[in-house]
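To start, the structure itself, in structure tokens.
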Amino acid sequence: MEQVISYFLKTSLLEWCGVFTGILCVYLAAKNIIWNWPFAIVSVTIYIFIFFEAKLYADTGLQFYFLAMNIYGWYYWSKERKNTTQPRTISSIKPKELLLSLLGVIVFTSGLGFYLHQKTDAASPYLDSFCTAISLIAQVFLARKVLENWLMWVFVDLIYIGLYIYKGLYATSVMYAIYTYIAAMGYLEWKKTYREQTS
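Numbering-wise (our numbering), the sequence shown opens with residue 6 and increments by one.
Structural data, given as structure tokens:
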């Protein structure tokens, strides 16, 4: 326990800034508030450096992807639907999207995991690749306002908690525990909104 407390006291200001902006962006996204995107951009930029230093290379690359998707999400959410002044509505995943997503996770995890295992000193090549694959898909669904993105985030965030504890990134693991809770609440809130839209 003293070791964990000591780590929190030694956690860099940069990591704390990443944690704060990360939690804020996920909270705002769960509330369906467009201003989640600027905080997301700041958070992922910080985590590019943090994950690279921790030798979590798939997560490092994922942050670059998140950066692009956050810009896209900000644009997509701010763009009004055709023939209306209403913002984009929440949709539900289609069976074809789910199947393609599962296949994508399998192919991506196998390919990137093998590459990282063979060519780098990655700490957890296959687990990191698996989490990255799910995160890639969940982020697309978040940007496109697909309800089930939150279920994907709950699943992958639970895995990330263990991975980051293993790597000694305790503040980040706490952030992911908070993400898990917010994602669960986001799912419930978006589901309520989705039902109101479709009734």
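The C-beta atom is built at its ideal place from N, Cα and C for all residues, glycine as well. Just so you know, these numbers come straight off a predicted model, no measurement behind them.
- The shortest CA-to-CA distance from residue 77 to any of 130, 149 and 48 is the one to 149.
- When DSSP states are grouped into helix, strand and coil, residue 129 belongs to the coil group.
- Burial is judged here by how many other beta carbons sit within 10 angstroms of a residue's own beta carbon; residue 14 has fewer than 16 and is exposed.
- Residue burial is scored here from C-beta neighbours: residue 162 has at least 16 other C-beta atoms within 10 angstroms and is therefore classed as buried.
- Per the DSSP secondary-structure output, residue 151 pairs in a beta bridge with 96.
- Residue 59 carries a coil assignment under DSSP once its states are collapsed to helix, strand and coil.
- Going by C-alpha positions, residue 99 is about 15 Å away from residue 155.
- In the three-state reduction of the DSSP assignment, residue 10 falls in the helix class.
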